[in-house]
Amino acid sequence: MEQEKEFNPKIVAFLCNWCTYTGADLAGVSRLKSSPCVRIIRVMCSGRVDPTFVIKAFRQGADGVFIGGCHIGDCHYSEGNYKTLRRVEFMKIYLEDFGIDPRRLRLEWISASEGDKYAAKTLEFESEIRELGPLHLVDA
Amino acid sequence: MVTVNIDGKNVEVIEDTTILKAAESAGIWIPTLCYSELFEPYGVCRLCTVEAVRGRRSRLVTACNYPVREGLTVHTNSEKVKWIRKLIMELTYSRWPNVPVVKEMAAALGVTEPRFKSLEQDLAPDACILCGNCVNICRDVVKASILAFEGIGIGRKVVLPYNEQSEECIVCGACAQVCPTGHIKIKSLEKERGALQDWYLGPKSAINIPTLQAVPRVPIIDEKSCIKMQTGGCGICSTFCEPEAINYEAKDEEIEIEVGQILITTGYQTIDLKQMPQYGYGRLDNVYSSLEFEHMLNSTGPTGGTILCKDGSEPRAVGIVHCIGSRDENFHKYCSRVCCMYALKFAHLVKDRTPAEVYQFYIDMRAFGKGYEEFYKRLLDEGVNMIRGKVAEITDGYITDGIKPYLMIKCEDTLIGKFREIPVDMVVLCPAIEPQFDASNIKKIFSISQSPDKFFLERHPKLDPVSTMTDGIFIAGCAQGPKDIPDSVAQASAAAARILSLISLGEVAIDPIKAEVVDEYCSGCRMCNSLCPYSAISYKEEEKISYINDMLCKGCGTCVSACPSSAITGKGFTDEQILAELEGILSV
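Going down the list, the sequences are from chains A and B. For the first sequence, the working numbering assigns the number 1 to the initial residue and increments by one for each residue that follows. For the second sequence, the working numbering assigns the number 1 to the initial residue and increments by one for each residue that follows.
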């Protein structure tokens, strides 16, 4: 019975306060259609995203994790996003080891003015997760 | 001081003054074709020949370069002088009988007809009379030394090196300025490297006052066209400046000032109209941008506020075209806000000053401010033709029945659903307001953001329109988005008030979001130390733990997520808080 229900992916988005979070705000203010599956957690910088958070998110039922930061060179904290970039590459390797498709983790650079990009990228990610199907990792 | 006697008048002058100058100070006219105060006397036309008598010795000398001595007696009009001058004039006149300055001088000296038959007679009215002015100014004043004489005797002429356009020529046009016959033409020069500046409605000199409303109202020197700056020559302006205010050594300098807050009001630029060749800007005569037209309307402008076509006639009809580059999918999607109202002002002034018909071509009339709609209504009563529709093209050369050709504006009139062609004499284009070309540099320097249209982004579009994402950085005016004067004043005042309130407070409240090391957990691995972009983390050697300086920490949390023993907590964004958040949003 459960299986027949329509699959609505749960996507956790960690958005940096200065760029992507504001960009998401702009998308909303501009009445753009972004993915309704995205559940946003605001962090001050994408560099704050601890790999633990990503793993925890998957364990607690997320089908995809989206990390949004400022463009390279535009970081409000000078270089936090470089650290994110490195960490995400590592995390993808580990996710594979855990049996999680690395495509379920996505990193995007979206500035405060790119509301349209935020909308487009989240919709794109949503459809990709839909294709990958649900991730059955939830603690029973 | 020495005393000389010129034509019976005793004149007291400084020693070594030339006879010509001494005579001038005594009000005695000596004819000359080649003398100029700008450079050393050259003495080539010989017309200034006078009789200089010292003691019993009398000589014929050229007045322009003969220095006076004590006791010198000069006859400028004796029979001998008259005879020799007439002969020189006849020789010159015979060679160049049609040059106006030669003709005038001949008439003044009583020579009516060329007496000799010249072998090299040049009948052109703008013939080169070999006065040497161009050669002298180029060498002595401009210090470029491009022009020189070639040949001797009857074959003498002014030439360029190897008879080619020289790269060394800075195209200053000084030679054409001093040419008495117009043999050297500025017109053929101005298309070259362009020392003549086209600024709005015509060329300007290298030293000029940009506008009469300029603050401070002082002249500026354009480095690119100033001869002094280019070659080290000229310097004429400084010789005329009595208070010696001209300083060629002044350079742009960088001054470091320590401040606590910064207000960015870098303004806007207008779109480059040459991107839209269909409107003919820069290609067709009498197609102006709104700023140029504003300059023309100004009573201190080049026409004194009179509206004139390029040929000096009054326009029969003026077309004002709105939204050039704004509200345009190909350029800027936004509305530039100010154009509708200044276009209406233009229409009003044209109606006021000329009997011309005025046509406004608009997409939508946006008379949004206080009193603006009333002004629009008034304009309608004044009989301005309002055509709602976008202009497709502006072409020239439209002639009916042999009268002066018109410019033709082709457009669609959406109110009557027809295509129309309107003949006008003058077109004013209202270009879009766009961010300064280097706005992205400013953005990087202050780490602020730009909105999609590249204007600076405010912290919040409704609740915080003057501050930015970076503390202490404020924005106002067109740097933030197109706006008119009242709006700019309002925004700038708001920003100033915000800044003042922080100054009078004397202290700033900083975000409580900081990272903190829990001493008991820190293993002293020092991994976080190098991660911090603000160098806020230091290592306490004696306790073997890391320590975060609260004042330097900006709270990004990069160290928090990197700490292998979770010894760093980010206040406001602790692991527990974020994990609880995660649990919460995933529970439904």
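Beta carbons are placed, not taken as given, at the ideal position from N, Cα and C, and that holds for glycine.
**Asked** Nearest to Arg103/A by CA position, among Val88/A, Glu114/A, Gly61/A and His136/A, is which residue?
**Response** Within the first sequence, numbered from 1, the residue matching residue 103/A stands at position 103. For Arg103/A, the closest of Val88/A, Glu114/A, Gly61/A and His136/A by C-alpha to C-alpha distance is Val88/A.
**For Leu160/B and Thr49/B, the rounded distance between their alpha carbons** = Position 49 of the second sequence, counted from the first residue, corresponds to residue 49/B. Position 160 of the second sequence, counted from the first residue, corresponds to residue 160/B. Cα to Cα, Thr49/B sits roughly 30 angstroms from Leu160/B.
**Prompt:** So which residues on chain A does Glu581/B lean against when the C-beta distance must stay under 8 angstroms?
**Reply:** Taking the second sequence and counting its residues from 1, one reaches residue 581/B at position 581. Under the 8 angstroms cutoff, chain A gives Ile41.
**Request:** Return the CA-CA distance between Thr470/B and Glu168/B, expressed in angstroms with no decimal places.
**Result:** Position 470 of the second sequence, counted from the start, is the residue given in the question as residue 470/B. Position 168 of the second sequence, counted from the start, is the residue given in the question as residue 168/B. Answer to the nearest angstrom: the Cα atoms are 50 angstroms apart.
**Length of the line joining the Cα atoms of Glu150/B and Lys251/B** = If you number the second sequence from 1, residue 150/B lands on position 150. If you number the second sequence from 1, residue 251/B lands on position 251. Rounded to the nearest angstrom, the gap between the Cα atoms of Glu150/B and Lys251/B is 40 angstroms.
**Item:** Three-state secondary structure (DSSP) of Ile448/B
**Value:** Here residue 448/B corresponds to residue number 448 of the second sequence, with the count starting at 1. Coil, per DSSP.
**Message:** Is the beta carbon of Asp396/B closer than 8 angstroms to that of Gly282/B?
**Reply:** Walking along the second sequence from the start, residue 282/B turns up at place 282. Walking along the second sequence from the start, residue 396/B turns up at place 396. Cβ atoms of Gly282/B and Asp396/B: not closer than 8 angstroms.
**Item:** Tyr200/B (DSSP reduced to helix, strand or coil)
**Value:** Taking the second sequence and counting its residues from 1, the one referred to as residue 200/B is at position 200. For Tyr200/B, the pLDDT reaches just 46, beneath the cut-off of 50, and the residue's location in the model is therefore unreliable, leaving the point undetermined.
**Prompt:** Buried or exposed: Asn286/B, going by 16 or more other Cβ atoms within 10 Å of its Cβ?
**Reply:** The count along the second sequence starts at 1 and reaches residue 286/B at position 286. In summary, Asn286/B is buried, with 16 or more beta-carbon neighbours lying within 10 Å of its beta-carbon over all protein chains present.
**Request:** Can you tell me which of Gln577/B, Cys559/B, Gln275/B and Ile409/B puts its alpha carbon nearest to the alpha carbon of Cys528/B?
**Result:** Reading the second sequence from its first residue, position 528 is the one you call residue 528/B. Of the listed residues, the one whose Cα sits closest to Cys528/B is Cys559/B.
**Prompt:** Asn144/A to Ala13/A, Cα distance in whole Å?
**Reply:** Here chain A comprises residues numbered 1 to 140, so residue 144/A is not present and cannot be evaluated.
**Prompt:** Should Thr400/B be labelled buried (16 or more other beta-carbon atoms within 10 Å of its own) or exposed?
**Reply:** Locating residue 400/B in the second sequence gives position 400, where the first residue counts as 1. By the Cβ neighbour-count rule, Thr400/B is exposed, with fewer than 16 other Cβ atoms within 10 Å of its own.
**Item:** Neighbour list for Pro461/B in chain A, Cβ cutoff strictly below 8 angstroms
**Value:** Taking the second sequence and counting its residues from 1, one reaches residue 461/B at position 461. Within 8 angstroms Cβ-Cβ: Val29.
**Item:** Whole-angstrom distance between Gly68/A and Cys19/A, CA atom to CA atom
**Value:** Numbered from 1 along the first sequence, position 19 holds the residue referred to as residue 19/A. Numbered from 1 along the first sequence, position 68 holds the residue referred to as residue 68/A. About 8 angstroms.
**Item:** Nearest candidate by alpha-carbon position, reference Ala488/B, set Ala22/B, Glu24/B and Pro465/B
**Value:** Counted from its first residue, the second sequence places residue 488/B at position 488. As written in the sequence, residue 488/B is Ser, which differs from the Ala given in the question. Out of Ala22/B, Glu24/B and Pro465/B, Pro465/B has the C-alpha closest to the C-alpha of Ser488/B.
**Message:** Tell me the DSSP secondary structure of Phe361/B in three-state form.
**Reply:** Counted from its first residue, the second sequence places residue 361/B at position 361. Here Phe361/B sits in strand by DSSP.
**Length at least 3, wholly inside the stretch 386-438 of chain B: the beta strand (DSSP E) runs in chain order** = Those beta strand (DSSP E) runs which fall completely within the stretch 386-438 of chain B and span 3+ residues are 391-398, 406-413, 418-424, 426-431 and 433-435.
**Prompt:** How would you call Ile403/B, buried or exposed, if buried means at least 16 neighbouring beta carbons within 10 angstroms?
**Reply:** On the second sequence, position 403 is the one that residue 403/B refers to. The residue is exposed, with fewer than 16 neighbouring Cβ atoms inside 10 Å.
**Asked** At a Cβ threshold of 8 angstroms, is Gln436/B touching chain A?
**Response** Walking along the second sequence from the start, residue 436/B turns up at place 436. It does not: the Cβ of Gln436/B has no partner Cβ on chain A nearer than 8 angstroms.
**Message:** Between Ser451/B, Glu583/B and Ile30/B, which has its C-alpha nearest Glu114/A's C-alpha?
**Reply:** Within the first sequence, residue 114/A is the residue found at index 114, counting from 1. Nearest of Ser451/B, Glu583/B and Ile30/B to Glu114/A, Cα basis: Ser451/B.
**Asked** Apart from the five residues just before and just after Thr354/B, which ones in its own chain have a Cβ nearer than 7 angstroms to its Cβ?
**Response** Along the second sequence, read from residue 1 onward, the residue named residue 354/B stands at position 354. Once the five neighbours on either side are set aside, the close Cβ partners of Thr354/B are Ile307, Glu314 and Pro315.
**Item:** Coarse secondary structure for Pro67/B, derived from DSSP in three states
**Value:** Stepping through the second sequence from its first residue, residue 67/B is reached at position 67. Annotated three-state conformation of Pro67/B is strand, per DSSP.
**Request:** Output yes if chain B places a C-beta closer than 8 angstroms to the C-beta of Arg130/A; else output no.
**Result:** Here residue 130/A refers to the residue found at position 130 of the first sequence. Closer than 8 angstroms: no.
**Prompt:** Does the beta carbon of Asp63/A come closer than 8 angstroms to any beta carbon on chain B?
**Reply:** By 1-based counting over the first sequence, the position of residue 63/A is 63. Judged by the 8 angstroms Cβ criterion, Asp63/A is not in contact with chain B.
**Message:** Using beta carbons (cut-off 8 angstroms, strictly below), is Gly133/A in contact with chain B?
**Reply:** Reading the first sequence from its first residue, position 133 is the one you call residue 133/A. No, no contact with chain B.
**Message:** Once DSSP output is grouped into helix, strand and coil, what is the label at Glu541/B?
**Reply:** In the second sequence, the residue the question calls residue 541/B occupies position 541. Looking at Glu541/B - three-state DSSP - the assignment turns out to be coil, as it is neither helix nor strand.
**Helix, strand or coil at Pro51/A according to DSSP, with G and I counted as helix** = In the first sequence, residue 51/A corresponds to position 51, counting from 1. It is helical.
**Item:** Cβ neighbour criterion (16 or more within 10 Å) applied to Trp109/A
**Value:** Stepping through the first sequence from its first residue, residue 109/A is reached at position 109. Buried: at least 16 other Cβ atoms inside 10 Å.
**Prompt:** Using a beta-carbon distance below 8 angstroms, is Met48/A in contact with chain B?
**Reply:** For the purposes of this step, residue 48/A is taken as residue 48 along the first sequence, with counting starting at 1. Here the sequence assigns Arg to residue 48/A, which means Met is not the residue at that position. Under the 8 angstroms criterion on CB atoms, Arg48/A is classed as interfacial with respect to chain B.
**Message:** For Met469/B, would you say it is in contact with chain A, using Cβ-to-Cβ distances shorter than 8 angstroms as the test?
**Reply:** In the second sequence, counting from the first residue as 1, residue 469/B sits at position 469. By this cut-off, Met469/B is an interface position.
**Message:** Can you give me the C-alpha to C-alpha distance between Ile6/B and Ile221/B, rounded to a whole angstrom?
**Reply:** Numbered from 1 along the second sequence, position 6 holds the residue referred to as residue 6/B. Numbered from 1 along the second sequence, position 221 holds the residue referred to as residue 221/B. Ile6/B and Ile221/B: Cα-Cα distance of roughly 43 angstroms.
**DSSP three-state assignment for Thr3/B, whether helix, strand or coil** = Translated into positions along the second sequence, residue 3/B becomes position 3. Strand, per DSSP.
**For Leu379/B and Leu344/B, the rounded distance between their alpha carbons** = Indexing the second sequence from 1 puts residue 344/B at position 344. Indexing the second sequence from 1 puts residue 379/B at position 379. Going by the C-alpha atoms only, they are around 7 angstroms apart.
**Prompt:** Can the beta-carbon of Pro512/B be found less than 8 angstroms from the beta-carbon of Ser290/B?
**Reply:** Against the second sequence, residue 512/B aligns to sequence position 512. Against the second sequence, residue 290/B aligns to sequence position 290. Not in contact: Pro512/B and Ser290/B (Cβ atoms no closer than 8 angstroms).
**Below-8 angstroms beta-carbon distance, Tyr77/A vs any chain B residue** = Stepping through the first sequence from its first residue, residue 77/A is reached at position 77. Chain B contact via Cβ: present.
**Asked** Counting Cβ pairs, one atom from each stretch, are 3 or more of them under 8 angstroms apart for the stretch 422-441 of chain B and the stretch 476-492 of chain B?
**Response** Cβ pair count under 8 angstroms is three or more, so yes.
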